[in-house]
Structure formats: C-alpha cells, structure tokens
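First up is the structure itself, then whatever we jot down about it.
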Amino acid sequence: MRRLAGPDGTWEMVTRLPHPGLRPGVRGYRGFRLAFERSRRRLEVPNASVTLVLGFGDPLRITGADPVGRPGQVVRPGTSYTSLLSGLHTRASVGEHDGRAHGIEVAMAPWTAFTLFRTPMDELADSMVDLTDLLGQPAYDLAAALAETPGWAARFTLLDAFLTARARTGPPVSHRLVWAWRQLVFGGPTGSTVAELAATVGWSERHLERRFREQIGLSPKGAARVLRFRHAVRLLDARLPPSQIAAACGYYDQAHLNREFKAMTGRSPSRFVTERTHGARFAQLDREEGQVTSVVLAGH
Numbered sequence: 001m002r003r004l005a006g007p008d009g010t011w012e013m014v015t016r017l018p019h020p021g022l023r024p025g026v027r028g029y030r031g032f033r034l035a036f037e038r039s040r041r042r043l044e045v046p047n048a049s050v051t052l053v054l055g056f057g058d059p060l061r062i063t064g065a066d067p068v069g070r071p072g073q074v075v076r077p078g079t080s081y082t083s084l085l086s087g088l089h090t091r092a093s094v095g096e097h098d099g100r101a102h103g104i105e106v107a108m109a110p111w112t113a114f115t116l117f118r119t120p121m122d123e124l125a126d127s128m129v130d131l132t133d134l135l136g137q138p139a140y141d142l143a144a145a146l147a148e149t150p151g152w153a154a155r156f157t158l159l160d161a162f163l164t165a166r167a168r169t170g171p172p173v174s175h176r177l178v179w180a181w182r183q184l185v186f187g188g189p190t191g192s193t194v195a196e197l198a199a200t201v202g203w204s205e206r207h208l209e210r211r212f213r214e215q216i217g218l219s220p221k222g223a224a225r226v227l228r229f230r231h232a233v234r235l236l237d238a239r240l241p242p243s244q245i246a247a248a249c250g251y252y253d254q255a256h257l258n259r260e261f262k263a264m265t266g267r268s269p270s271r272f273v274t275e276r277t278h279g280a281r282f283a284q285l286d287r288e289e290g291q292v293t294s295v296v297l298a299g300h
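Just so we're aligned, residue 1 is where the sequence shown starts under the UniProt record's numbering, counting upward by one.
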C-alpha cells in the first residue's frame with residue numbers, strides 16, 4: 001500500500017495482480033482512496049488498455065481534452081459516472097472529481113473486455129459507458145458489495161470471483177486475433193504491416209479489420225497508431241529529445257510527432273512534459289505500472 005499526506009489532503013493506493021486464471025488479459029487491480037481539499041483534474045492519454053472503474057462514492061466527471069473537443073466525439077462535456085467501462089481511445093480525455101474519490105480500477109486487454117462484457121468493442125471506441133447501462137443490476141450489486149467489504153485484499157478476491165464467472169460464460173475471443181494484437185504490441189513501430197499480419201493468420205485484410213473492430217475496438221492501423229503514441233510518450237517522459245523519439249517510434253519526422261501529440265492530447269510534446277513535471281508527485285497515479293497514462297493538470 002502506498003500513502004501520501006500533504007497540506008492539501010491524502011491519498012492511498014493498493015495494487016494487486018488478478019487471479020492467474022484471468023491473466024494476462026486482466027492486467028491489474030488498483031484500489032484508491034483520495035481525500036483532497038479541492039477538486040482534481042487529470043488528463044488521461046490514449047493507451048493500450050480498456051479500463052473498468054468501480055466507484056464507491058462520488059461520481060467522476062469526464063470532459064474532452066480541450067473545451068471544443070472534436071466532431072463526432074461520443075463523450076460529452078460534463079458526463080458523470082460512478083462506475084464505467086472505457087474503451088480504447090485515440091484522443092485524451094479529462095477526468096475530474098471534487099477532491100474525494102474511492103474505488104477500484106481494472107486495466108485489461110481490449111480482447112478480454114470483449115469476452116467479459118459481451119459487447120462489440122467498436123461501440124466503446126473513443127467512448128465510455130456507465131456500467132449499470134451495460135450490465136444492469138449486477139453492476140450496482142458488485143460496486144455495493146465491494147464498497148461494503150472490509151479490506152482491499154477481500155475486495156480483490158471478490159472481484160476475482162466476479163470476473164472469473166463472466167470469463168467462463170462470455171463469447172470466446174479469436175486466438176488468431178490475440179496473436180495479431182500481440183504482434184502490434186511487441187513488434188514496435190517497424191513491426192508487421194496489416195497485410196503481413198493478415199497473411200500470417202490466414203485472413204484477408206478486410207476480415208482482420210472486421211475482427212479488430214469487433215474484439216479490439218479500432219482497426220489494425222488505428223491500434224498501431226495508439227501503440228506508437230504509447231511508446232513515444234514513455235520516451236518523452238524519460239526525457240529523450242523529440243527528434244530521437246520521432247525516429248525511434250517510426251514517425252516521419254519531428255513535425256509528424258508534434259502533430260500526433262496535438263491530435264491525441266490537445267497539446268504539444270513540450271507542454272505535455274511541463275504538465276507532467278508539474279504533477280510529478282502524483283506520478284504514482286498512473287493506472288498501469290511502467291506506463292504513462294495520466295497528467296495532473298496545473299492548478300488542481
């Protein structure tokens with residue numbers, strides 16, 4: 001358990017791996033309790049995970065990464081959720097709470113979310129849904145049971161049981177699709193092309209794209225774009241020069257990297273570094289170990 005106390009409040013965070021039977025698709029649990037004297041706003045950047053949030057109290061408000069947003073964006077300014085499921089995103093969003101937040105976050109591979117929540121993942125692309133709208137009464141019952149259970153260890157055990165039961169009865173994911181997804185994840189920016197992936201798994205490019213949209217949420221090219229950005233933001237957080245990052249991540253040049261950062265976060269790489277540095281003492285709030293997922297915004 002990690003705890004931090006300061007002049008403006010306290011927070012605690014507890015992490016645990018899920019039951020082995022749920023791995024590697026379910027990547028990790030994170031219990032949190034925040035108690036600050038004022039509101040907090042956090043930029044959530046695109047990453048390779050679907051996120052489940054089970055809230056025990058006050059709701060979280062979700063807005064776009066900038067006041068205007070973009071045409072067709074599903075998440076509307078000021079949308080509030082207590083428990084939610086967030087799909088893969090190609091653009092950052094901002095989460096805000098009044099200073100108090102309590103619950104559990106679950107990070108999972110998108111193909112696992114397809115099985116657990118039995119819904120086409122393209123319906124959640126660049127979007128999120130209230131968990132009660134998706135699951136009905138079981139979502140409310142689960143959040144209530146977790147909130148009433150004493151201790152994080154017992155809560156995680158209860159969550160293991162709930163997810164394991166859903167995994168047994170959910171629609172199976174294609175093993176060929178999982179292989180193709182992992183090739184994109186671990187192959188790097190110069191990995192297999194879509195045509196090569198399709199040929200290797202024995203599908204047409206059109207069929208591969210259809211399966212990706214159904215069980216991942218994005219097309220193979222869209223997923224590769226998010227994974228490339230994820231790699232770039234980690235290198236930027238490690239303070240590598242943008243010109244080196246552009247070359248390492250397969251961008252045409254630094255200008256291309258800058259355009260992608262602007263399109264996906266609403267800010268330049270330099271502004272991103274400045275904001276990340278400002279919120280450095282809250283870096284532990286990244287949702288996944290070893291990944292850059294969040295920035296605490298200035299003034300909050």
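Glycine is no exception: its CB is placed at the ideal position from the N, C-alpha and C atoms.
Would you report the Cα separation of residue i and residue j, rounded to the nearest angstrom?
{"i": "Val-173", "j": "Glu-37", "result": "45 Å"}
{"i": "Val-178", "j": "Tyr-252", "result": "28 Å"}
{"i": "residue 301", "j": "Gly-95", "result": "This structure cannot speak to residue 301, because the chain is shown only from 1 to 300."}
{"i": "Ser-192", "j": "Gln-183", "result": "7 Å"}
{"i": "Arg-3", "j": "Arg-33", "result": "10 Å"}
{"i": "Leu-197", "j": "Arg-100", "result": "45 Å"}
{"i": "Pro-67", "j": "Glu-289", "result": "Only weak support is given to the placement of Pro-67: the predicted model assigns it a pLDDT of 38, under 50, and the value that follows is read from those uncertain coordinates. The straight-line gap from Cα to Cα measures roughly 30 Å."}
{"i": "Ser-294", "j": "Arg-42", "result": "6 Å"}
{"i": "His-175", "j": "Arg-211", "result": "11 Å"}
{"i": "Pro-71", "j": "Leu-116", "result": "Caution is warranted here: a pLDDT of 39 is assigned to Pro-71, below 50, making its placement in the model unreliable, and the coordinate value is therefore given only provisionally. Using only the alpha carbons, I get a separation of about 30 Å."}
{"i": "Ala-109", "j": "Tyr-81", "result": "22 Å"}
{"i": "Phe-261", "j": "Asp-237", "result": "13 Å"}
{"i": "Ala-247", "j": "Arg-166", "result": "42 Å"}
{"i": "Ala-223", "j": "Gly-151", "result": "37 Å"}
{"i": "Thr-164", "j": "Ala-255", "result": "46 Å"}
{"i": "Glu-214", "j": "His-97", "result": "32 Å"}
{"i": "Asp-130", "j": "Thr-265", "result": "23 Å"}
{"i": "Pro-269", "j": "Asp-122", "result": "28 Å"}
{"i": "Leu-146", "j": "Arg-16", "result": "15 Å"}
{"i": "Ala-180", "j": "Phe-229", "result": "18 Å"}
{"i": "residue 304", "j": "Gly-217", "result": "Residue 304 is absent from the model: the chain starts at 1 and stops at 300."}
{"i": "Asp-126", "j": "Ser-93", "result": "9 Å"}
{"i": "Glu-12", "j": "Ile-104", "result": "12 Å"}
{"i": "Ala-113", "j": "Gln-244", "result": "35 Å"}
{"i": "Pro-18", "j": "Lys-221", "result": "30 Å"}
{"i": "His-102", "j": "Leu-54", "result": "9 Å"}
{"i": "Phe-162", "j": "Asn-258", "result": "42 Å"}
{"i": "Gly-136", "j": "Gly-250", "result": "43 Å"}
{"i": "Arg-271", "j": "Thr-79", "result": "26 Å"}
{"i": "Gln-291", "j": "Thr-277", "result": "15 Å"}
Report the CB separation of residue i from residue j in whole angstroms; it is logged as a contact under 8 Å.
{"i": "Leu-142", "j": "Val-106", "result": "Leu-142 to Val-106, Cβ: 11 Å. No contact."}
{"i": "Ser-83", "j": "Ala-139", "result": "6 Å"}
{"i": "Val-296", "j": "Arg-40", "result": "7 Å"}
{"i": "Leu-134", "j": "Leu-60", "result": "Not quite, the Cβ-Cβ distance comes to about 16 Å (not below 8 Å), so this is no contact."}
{"i": "Val-14", "j": "Gly-31", "result": "4 Å"}
{"i": "Leu-227", "j": "Val-194", "result": "Wrong, their Cβ atoms sit about 13 Å apart, outside the cutoff."}
{"i": "Ala-35", "j": "Thr-63", "result": "23 Å between Cβ atoms; not a contact."}
{"i": "Gly-170", "j": "Arg-118", "result": "5 Å"}
Using DSSP with H/G/I as helix, E/B as strand and the rest coil, what is residue i?
{"i": "Val-178", "result": "helix"}
{"i": "Leu-142", "result": "helix"}
{"i": "Val-296", "result": "strand"}
{"i": "Gly-222", "result": "helix"}
{"i": "Gly-21", "result": "helix"}
{"i": "Gly-250", "result": "coil"}
{"i": "Thr-10", "result": "strand"}
{"i": "Thr-79", "result": "strand"}
{"i": "Arg-2", "result": "strand"}
{"i": "Ser-270", "result": "helix"}
{"i": "Ser-151", "result": "Strictly speaking, residue 151 in this sequence is Gly, with Ser absent from that position. Residue state, collapsed to three classes: coil."}
{"i": "Ser-243", "result": "helix"}
{"i": "Gln-73", "result": "With a pLDDT of 41 at Gln-73, under the threshold of 50, the modelled position of that residue is not reliable, and the figure given next carries that caveat. In this structure, Gln-73 counts as coil in the three-state DSSP scheme."}
{"i": "Asp-237", "result": "helix"}
{"i": "Ala-232", "result": "helix"}
{"i": "Glu-288", "result": "coil"}
{"i": "His-256", "result": "helix"}
{"i": "Ala-125", "result": "coil"}
{"i": "Arg-166", "result": "helix"}
{"i": "Arg-38", "result": "coil"}
{"i": "His-89", "result": "coil"}
{"i": "Arg-210", "result": "helix"}
{"i": "Asp-160", "result": "helix"}
{"i": "Val-201", "result": "helix"}
{"i": "Arg-118", "result": "coil"}
Name the DSSP bridge partner or partners of residue i?
{"i": "Val-94", "result": "Leu-43 and Thr-63"}
{"i": "Thr-15", "result": "Arg-30"}
{"i": "Leu-84", "result": "Val-53 and Asp-130"}
{"i": "Gly-102", "result": "It is His, not Gly, that sits at residue 102 in the sequence shown. Partner(s): Arg-33."}
{"i": "Met-108", "result": "Val-26 and Val-50"}
Is the region 196-209 in contact with the region 140-157, if contact means three or more CB pairs nearer than 8 Å? Contact between the region 196-209 and the region 140-157 is absent: fewer than three C-beta pairs spanning the two stretches fall below 8 Å.
Would you be able to state if there are at least three C-beta pairs under 8 Å between the region 228-240 and the region 44-63? Counting Cβ pairs under 8 Å, three or more are found: they touch.
Any chance the region 9-26 sits against the region 80-93, with 3 or more Cβ pairs inside 8 Å? The region 9-26 vs the region 80-93: no contact.
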